[in-house]
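There are 2 protein chains.
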Amino acid sequence: MADQGDEDLDIIQKGLTFSDNQTPYIHKIGAPPKPDLLKEFKTTLKETFFPDDPLRSFKDQPKSRKIILSLQAIFPILEWGRSYNIKKFRGDLIAGLTIASLCIPQDIGYSSLAHLKPQYGLYSSFVPPLVYAFMGSSRDIAIGPVAVVSLLLGTLVEREFDPNTQPDEYLRLIFTATFFAGITQATLGVLRLGFLIDFLSHAAVVGFMSGAAITIALQQLKGFLGISSKHFTKETDVISVMKSIFKSAHHGWNWQTIVIGASFLVFLLVAKYIGKKNKKLFWVPAIAPLISVILSTFFVYITHANNDGVAIVGKIDKRINPPSLNKIYFSGEHLLKGFRIGIEAGMIALTEAVAIGRTFASMKDYQVDGNKEMVALGTMNVVGSMTSCYIATGSFSRSAVNYMAGCQTMVSNIVMSMVVLLTVKFLTPLFEYTPNAILSSIIISAVIALIDIDAAILIWKIDKFDFIACIGAFLGVVFKSVEAGLLVAVAISFAKILLQVTRPRTALLGKIPMTSVYRNIEQYPEASKISGVVIVRVDSAVYFSNSNYIKERILRWLSEEDENLKATYQPKIQFLIVELSPVSDIDTSGIHAFEELYRSLKKRDVQLVLANPCQQVLDKLYASGFPDLIGENKIFLTVADAIHTCSPKLNNNV
Amino acid sequence: MADQGDEDLDIIQKGLTFSDNQTPYIHKIGAPPKPDLLKEFKTTLKETFFPDDPLRSFKDQPKSRKIILSLQAIFPILEWGRSYNIKKFRGDLIAGLTIASLCIPQDIGYSSLAHLKPQYGLYSSFVPPLVYAFMGSSRDIAIGPVAVVSLLLGTLVEREFDPNTQPDEYLRLIFTATFFAGITQATLGVLRLGFLIDFLSHAAVVGFMSGAAITIALQQLKGFLGISSKHFTKETDVISVMKSIFKSAHHGWNWQTIVIGASFLVFLLVAKYIGKKNKKLFWVPAIAPLISVILSTFFVYITHANNDGVAIVGKIDKRINPPSLNKIYFSGEHLLKGFRIGIEAGMIALTEAVAIGRTFASMKDYQVDGNKEMVALGTMNVVGSMTSCYIATGSFSRSAVNYMAGCQTMVSNIVMSMVVLLTVKFLTPLFEYTPNAILSSIIISAVIALIDIDAAILIWKIDKFDFIACIGAFLGVVFKSVEAGLLVAVAISFAKILLQVTRPRTALLGKIPMTSVYRNIEQYPEASKISGVVIVRVDSAVYFSNSNYIKERILRWLSEEDENLKATYQPKIQFLIVELSPVSDIDTSGIHAFEELYRSLKKRDVQLVLANPCQQVLDKLYASGFPDLIGENKIFLTVADAIHTCSPKLNNNV
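For the record, the sequence lines run as chains A and B. Sequential numbering of the first sequence, starting at 1, is according to full-length UniProt numbering. Sequential numbering of the second sequence, starting at 1, is according to full-length UniProt numbering.
And the structure:
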């Protein structure tokens, strides 16, 4: 080992005479200073749980200031509220009124998705937005019930209790689930586990949402065709829904209902189209639902169509958010059921809200702290569960309208919730004669936007594996159930991660002409190999899950090269340079793999050389005494330096 | 966008006047050719399931040759057998005899670990090694029953049936488990899922083995102190074992047993020590067990110590491997139990065998095909389960002896199994008076070698996280059960993988003096930042699991730098260069993150520049139209090129 080391040193000396600016690096890659264990541990912890460095602003501040800062951290309104002015309020007022007009009909419709009376949808658009307005850090999100969560909650709770025969138990379980959904969300935020929702990949969400949209639209056919729910399936998958629709055909669909529903659906879609074509007219689709509700209600009222079997909403309770804390199951078997359902629905609601928050934040370039968001959303749902609300979250459609209507702060949500409050108090009688068909049309026209074909196409273009996840989620939701879709999506996403860590890429490098840069010869065909040297780049951290593969793959590169050389009678390989730039970390299994690699190479008298190990890798290599094994002077800053030293003859023509 | 692009082009032109050898790369990073989807898919599939390219030798061979090759692939003996000669046989004969002398006493002892009669241990050293000899690709591994698997199998099956009261059912379940262990192993191999066992990291195995060794040693105290098994606990954790040992104290330990056991244990340990000190005397510890068996048996025989309560092995069935196919449960609930136990024990057996195979293969530098190995091991256990054998695998201790005794091929295993055959046929009467205490001493002295403290220390030195996995597995085995230990180990290993993919490292780069190389300024303090530019390196593939973190982390680097500059009244940042060398892949979520990053930067009028994206990343960037967004001329081969173009004033002093 030693004498070999010396002989290398000579080579280096020779090398230096040609390019003396090499000296700095060769000793630069020396034994690193012992890493401070505690510090290292702290950084890892920090980066894992506090990547956004939330306490940065607290640094060296007086105590009083710190208190204010922490209050502001919990209630951002204290921060932005101080710079609030009448100009901002104008924006918020208009936006608030617009989303209110959109949310009222949607709320009534969505609550039917959750098998709840209309008022609960309205309740959920009153309390939660208020709570969020004080705690949330997003400026554009519009809070309230949303289609997907309503559907999910409805189907899950329906399995436990029948909303028609056991309305009270059903309602209690809804509140229980809402409570635990809030607890789950807040806990994730407090424990800084926000990153967990990142495991639901964008692709999966796209597929999931499209699937859910179709499922919801199918559910609406019930109200749309005027089928009484006792003839309608409890399943949500396309096949059973279609079956029960055709089975119910001979019970007779209600033609009046269909006419009303269809005509207004057309109206809504036209309005949507106008809004899309001309962004200035965004308010057309925004108020269209309310208009169609008013018109259709008036129509039914004068024609008494409800006597001809046109189902109507009926009387709505005028009370404002009655307390429901006593209704929550805090004991017994139902507690567990509510807990399970709450976690599931809560996670979905979270994903949707955070996705919206991030989107608009990046459009206006402000930061939303994911974990803080979760605390806000969680608190609002906990409070909601005690005031007769079911799970609320950020709504895609309303947030977009809110943004386009020029909202400035969460005040637009406060405006909205006030309008909802007044509606519950004074305007509910107006909705008595509103035909359910209208609500179905409104829901259908709303969820259609969730079917994002362009996104799916883009995903296909960019990443086939993501596309599989996307389609998997979609088919799962449409043909089995919302849960199945989720499960498929998550499973595929994890499979992808495992594949990544089990089979990392490796590449053969060559020298790009007229430079000292070495790159993948497949990517840069003009790159030329160096005779007598094989340069391999490893494209991932070397961990137990891939160390053996990497070792064997590198050996295969070598033997393949050897065969080529034999075929063309060229000098045999003397050096194997492993480019470690992409290797961000290594573990004991990785070190062992490299030791085995070194031994195998020794047998074939090929020398192992390492290029550009990063700090962490270098530390661990030294901790394991690997450099003494292969010789310290076998580790270089760049491949170019390694080549300089390995094949001195090369130096002339550089 | 467009005009901005042009303005950049001018900058590039200016850049070029200074260093005209830049031209090649700037157009080199152009739109890549459309990737061939099918080809890509095929490569991924190949690298995942056929990383060792097993069919390479089959390429363009005549049909007849292909048949021979495939036969040789299944039965490697056909390949090495042809070059077999008398010289090799001498080595194999000596090695075979040595491991035989070691395995016979071990087999008898290990079968007691599995609560089986002695002959089953011997059976398992006869058939499986023969089968493996024809199919296995390792040359040094010694096949037979091993301590850990015997213990695991014993404890698992004991939970279903009591070996004393229900011996037949117990035996049948053992064979069933063995059968399904074999099926599992073979299936993994055939489906090319060998990489799955890599998920049990080296660190975890070290901890697991040490823990198992201690558990086994504790179990031996029963035989060692002469405690009758009805007073002994069925649990394997240290606490319950210690309890029942002290509880049994007043039932009286058998002093004769203790004396015999202790004295021979000392003898065995001394022999071990000699063997360790002087490698030439490796045969001393190898034959010591047999000698102590003979001596102690003779001693008991003449002193009739068995009448004074010294437990002895007793009569051993002379029949050779009676068929047991009819004993396997192919139906009923026991089928499932056997299946579950088989999978568990089979995986452990596999891990041990493959680890041994790899170790010796890398010492003699020959390839063992992991998947082929599994097929061989699986077949041998399936055949074994039909010939009254229980799970056999590669033994650490015997393989080491085999290697040191100079074995050449698997013939040494054939020799061993022949010796075992003769033993069963003619010598079993000799073992009638062998005291169990000796077997306990032999097992203790054998498993002590599995406690690898040096390895644990090394793991601690190299990687703290691995150490946690190691200790976790160890404590799990010692204080709960073998399964618990496994579970802990695997769980921690997965947590590590998830951490890696959720929180990748990022680093701020600086220019190393007198070079055009840019490196982490934390690792190379002498590296200098470039004014007006921030260079960030991302150290992992950008996936949905980390895309948001990476985006926000990069923005944080930027704002931190901005603050520093403001503090020192330096020009503000105009360019953010993201070094993508370590980014081996990106998915749709990653692309979205970069788009959001670009938008945020635009708001702060900082220009986004990318350096050295690899083929896969470049393809996906172009597929998503990202280059058009930031401008194609914003993607460079190296950071140096990017700097050349971004800050022309820099070119003068390069």
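Glycine is no exception: its CB is placed at the ideal position from the N, C-alpha and C atoms.
Simplified DSSP assignment, three categories, for alanine 507 of chain A: strand
Closer than 7 Å to chain B by CB, lysine 603 of chain A: At least one beta carbon of chain B lies nearer than 7 Å to the beta carbon of lysine 603 of chain A.
Presumed contact (8 Å Cβ cut-off) between phenylalanine 421 of chain A and isoleucine 287 of chain A, rounded CB distance: According to the sequence shown, residue 421 of chain A is leucine rather than phenylalanine. At roughly 19 Å, the Cβ-Cβ gap does not stay under 8 Å, so leucine 421 of chain A and isoleucine 287 of chain A are not in contact.
Where the alpha helix (DSSP H) containing residue 655 of chain B begins and where it ends: Missing from the structure shown is residue 655 of chain B; chain B here goes from 1 to 654 and no further.
Proximity test, Cβ basis, 7 Å: glutamate 47 of chain A and chain B: yes
Element boundaries [alpha helix (DSSP H), containing glutamine 72 of chain B]: 63–74
Reduced DSSP category for isoleucine 577 of chain B - H, G, I as helix; E, B as strand; rest coil: strand
Own chain, CB closer than 7 Å to lysine 551 of chain B, minus 5 neighbours either side, in chain order: Ala593, Glu596, Leu597
Assigned secondary structure, proline 51 of chain B (DSSP; H/G/I helix, E/B strand, else coil): Three-state DSSP puts proline 51 of chain B in coil, outside helix and strand.
CB contact below 7 Å: residue 690 of chain A versus chain B: Residue 690 of chain A is absent from the structure shown; chain A starts at 1 and stops at 654.
Expected contact under 8 Å - CB spacing of isoleucine 462 of chain A and threonine 588 of chain B to nearest Å: 5 Å
Glycine 625 of chain A beta carbon near the ligand ZN (any heavy atom closer than 6 Å): The ligand ZN is absent from the structure shown, which contains no ligand whatsoever.
Local conformation of glycine 625 of chain B per DSSP, three classes: coil
Span of the alpha helix (DSSP H) around alanine 311 of chain A: From DSSP, alanine 311 of chain A is part of no alpha helix (DSSP H); its letter is neither H nor E.
Check whether serine 399 of chain A and aspartate 237 of chain A have beta carbons under 7 Å apart: no
Within-7 Å CB hit, aspartate 539 of chain B to chain A: Closer than 7 Å to some Cβ of chain A, the Cβ of aspartate 539 of chain B qualifies, so yes.
Check whether valine 565 of chain B and valine 534 of chain B have beta carbons under 7 Å apart: The sequence given here places leucine at residue 565 of chain B; valine does not occur at that position. It is not a contact, given that the beta carbons lie outside the stated cut-off.
Beta carbon proximity, residue 661 of chain A to chain B, threshold 7 Å: The structure shown does not extend to residue 661 of chain A, since chain A is modelled only from 1 through 654, so no value can be given for it.
Within chain A, the residues that phenylalanine 199 of chain B reaches when beta carbons sit closer than 7 Å: Ser545
Interface partners of aspartate 466 of chain B on chain A, CB under 9 Å: Phe544, Asp587, Thr588, Ser589
Cut-off 6 Å between Cβ atoms - residues of its own chain near glutamine 616 of chain B, not counting five sequence neighbours on either side: So the list reads Asp585, once near-sequence residues are dropped.
Tyrosine 518 of chain B beta carbon less than 7 Å from that of valine 639 of chain B: yes
Leucine 523 of chain B at chain A interface by Cβ criterion, 7 Å: The amino acid occupying residue 523 of chain B in the given sequence is glutamine; leucine does not appear at that position. Nearest CB-CB separation between glutamine 523 of chain B and chain A: below the 7 Å threshold.
Alpha carbon of lysine 117 of chain B to alpha carbon of leucine 171 of chain B, nearest angstrom: If you take the alpha carbons of lysine 117 of chain B and leucine 171 of chain B, they lie about 10 Å apart.
First and last residue of the uninterrupted alpha helix (DSSP H) at asparagine 402 of chain A: Segment 396–404, the alpha helix (DSSP H) holding asparagine 402 of chain A.
9 Å Cβ cut-off: residues of chain B touching arginine 503 of chain A: Thr44, Glu47, Thr48, Pro51, Phe195
Within the region 414–473 of chain B, ranges of the alpha helix (DSSP H) (whole runs, at least 4 residues): 436–447, 453–462
Outcome for glutamate 563 of chain A when other beta-carbon atoms lying within 10 angstroms are tallied against a minimum of 16: exposed
Closer than 8 Å at the beta carbon, the chain B residues around alanine 203 of chain A: Phe544, Asp587, Thr588, Ser589
Glycine 207 of chain B vs alanine 611 of chain B beta-carbon contact at 7 Å: Taking 7 Å as the cut-off, the beta carbon of glycine 207 of chain B is found no closer than this to the beta carbon of alanine 611 of chain B.
Phenylalanine 636 of chain B at chain A interface by Cβ criterion, 7 Å: Not an interface residue.
First and last residue of the uninterrupted alpha helix (DSSP H) at leucine 281 of chain A: Annotation: leucine 281 of chain A is outside any alpha helix (DSSP H) and is labelled neither H nor E by DSSP.
Contact under 7 Å by Cβ, glycine 338 of chain A with phenylalanine 180 of chain A: yes
Residue-chain proximity (valine 488 of chain B, chain A), Cβ-Cβ < 7 Å: no
Proline 582 of chain A at chain B interface by Cβ criterion, 7 Å: yes
Among A:Ile174, A:Ser83, A:Ile448, the one whose alpha carbon lies nearest that of alanine 114 of chain A: A:Ile174
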